[in-house]
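Novice:
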DNA sequence: CGTCTATTTGAATGTACTCAAAAGCGGTGG
DNA sequence: CCACCGCTTTTGAGTACATTCAAATAGACG
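Protein chains in written order, with our numbering: chain A, 1 to 198; chain B, 1 to 198.
1) Is the distance from the Cβ of residue 154 of chain B to the Cβ of residue 24 of chain B below 8 Å?
2) Is residue 119 of chain B close to the ligand HEM? I mean its beta-carbon at under 7 Å from any heavy atom of the ligand.
3) Cutting at 7 Å between CB atoms, please list the residues of its own chain near residue 30 of chain B, excluding the five before and the five after it.
4) Could you give the distance in angstroms between the alpha-carbon of residue 9 of chain A and the alpha-carbon of residue 62 of chain B?
5) What would DSSP say about residue 102 of chain A, mapped onto helix, strand or coil?
6) Measuring straight from C-alpha to C-alpha, what distance separates residue 4 of chain B and residue 76 of chain B?
7) Out of curiosity, what's the CA-to-CA distance linking residue 7 of chain A and residue 47 of chain A?
8) Please confirm whether residue 137 of chain B and residue 138 of chain A have their CB atoms less than 8 Å apart.
9) What do you get for residue 174 of chain A, buried or exposed, if any count of 16 or more other CB atoms within 10 angstroms of its CB means buried?
10) Under 8 Å Cβ-Cβ, which residues of chain B neighbour residue 50 of chain A?
11) Spell out whether any CB of chain A is found under 8 Å from the CB atom of residue 23 of chain B.
12) Restricting to Cα atoms, I'd like to know which of B/187, B/171 and B/19 is closest to residue 67 of chain B.
13) Run down chain A in chain order and give the residues with a C-beta less than 9 Å from the C-beta of residue 177 of chain B.
14) Quick one: does residue 95 of chain B have its CB under 8 Å from some CB of chain A?
15) Count the other CB atoms within 10 Å of the CB of residue 56 of chain B; is the residue buried (16 or more) or exposed (fewer)?
16) Would you kindly report the start and end of the unbroken beta strand (DSSP E) that includes residue 62 of chain A?
17) Beta-carbon of residue 135 of chain B versus every beta-carbon of chain A: anything under 8 Å?
18) For the beta strand (DSSP E) containing residue 259 of chain A, name the first residue and the last one.
19) What does the alpha-carbon distance come out to for the pair residue 148 of chain A and residue 190 of chain A?
20) For a test of the three-state rule: what should DSSP assign to residue 67 of chain A, helix, strand or coil?
21) If you measure beta-carbon to beta-carbon, which residues of the stretch 40 to 67 of chain B are closer than 8 Å to chain A?
22) How far does the beta strand (DSSP E) with residue 29 of chain B in it extend, from its first residue to its last?
23) State buried or exposed for residue 90 of chain B, treating a residue as buried only when at least 16 other CB atoms are found within 10 Å of its CB.
24) Starting from residue 109 of chain A, follow its DSSP beta bridges and name the residues at the other end.
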């Protein structure tokens, strides 16, 4: 089953009985999204949080100059949404969009509340996940305030070696907070250094 | 009582019985720290998370060039720690240090586990807090990748008007990810613009 | 194949940093 | 009370990092 990926994720943090697992699975819904399709639109309330089974998703926003900036990528095994919009049920400030054709499990706000009530352990699961996500963003702030674009790119490659092969470099630049042209120049420089060292 | 500040924070997210409240208060410990004193040292395991009752605290790290970078400020009513070190009970990558003479309530990892077990609602409290902290850091990433230093400084002033009066500008620069000299130049420029507009 | 978008490259510009020096400020001791 | 010390802040000059704009090239897709 595809949902195995979700059960694996759960097993890392909590033990669920078969009954609780069945309840959880009854509360999520599989959804197929085509490349370019939106899961959340800026300004709308994000009613669901999404667990990626296949493909890749991005969360991004558009600044005052009309420029797009990528807040987060998600591939198989990751949850993605505009978290603030979802947990507060307030209008989203971000867009969530499929980069490739993808399959996700969506879990609605209402169903999550049911779940929390019937299976309090799920509070722990999402608390721990949120803590990990928090640490990841904290790490990113740290990198942004202390490293050059080149070092951030190298750190990105280190952290997401698999993602880079699947998405346009343009999106990587947008994630790193630099222009696509400059990323191109960084890559050229790195290649040349490789060459001269070998 | 000073602990009122903690109870207020709790009341925002969950309702606790008097008994549960008493249990919580029995598990925290008041601690006075002098300006410059450390709550967590890089490399050591953060055994406690801290709720600030008075004063101000900073979380920072030192990069490979020996330069300090501020990850987070905390004033009255905020929790602060090296969250990753605390929840994973692994060596801290950050230092946590008092900026002013301060008073905090410390809650140890062991006591927090007791608390979670006896008062499952506390899972919710910390899940929600972590979500809010997550959103704050996400916001900061967004600002770092899309705004100039001047705009980030203005956003900082907007968000923490009270902090700026209490801490050296040097620390603000470190938080923003710019040099102290450059912040000085930004402020000069802003003053001149103010003058010419009025 | 042709069209559209992504990537590369180069030149000119702007943003932010380093280094060095001067000015300001707060505490401390004589 | 003031003189001095140490630290923060300001200022200026020169430099490095990153952007914009424009044009050329390469890839992807129908």
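Cβ coordinates follow ideal geometry from the N, Cα and C atoms, glycine included. Since the structure is predicted, the reported quantities are computational estimates derived from the model, not experimental observations.
Specialist: Answer, in terms of the structure:
1) no
2) What this structure holds is no ligand at all, so the ligand HEM is not there to describe.
3) 103 and 105
4) 34 Å
5) strand
6) 11 Å
7) 22 Å
8) yes
9) buried
10) What residue 50 of chain A touches in chain B: nothing, since even the nearest Cβ is about 16 Å away.
11) no
12) B/171
13) 141, 144, 145 and 146
14) no
15) buried
16) 57 to 62
17) yes
18) In the structure as shown, chain A begins at 1 and stops at 198. Residue 259 of chain A is therefore absent and cannot be evaluated.
19) 14 Å
20) coil
21) 61, 63 and 67
22) 28 to 33
23) exposed
24) Looking at the DSSP assignment, residue 109 of chain A forms no beta bridge with any residue, so it has no partner.
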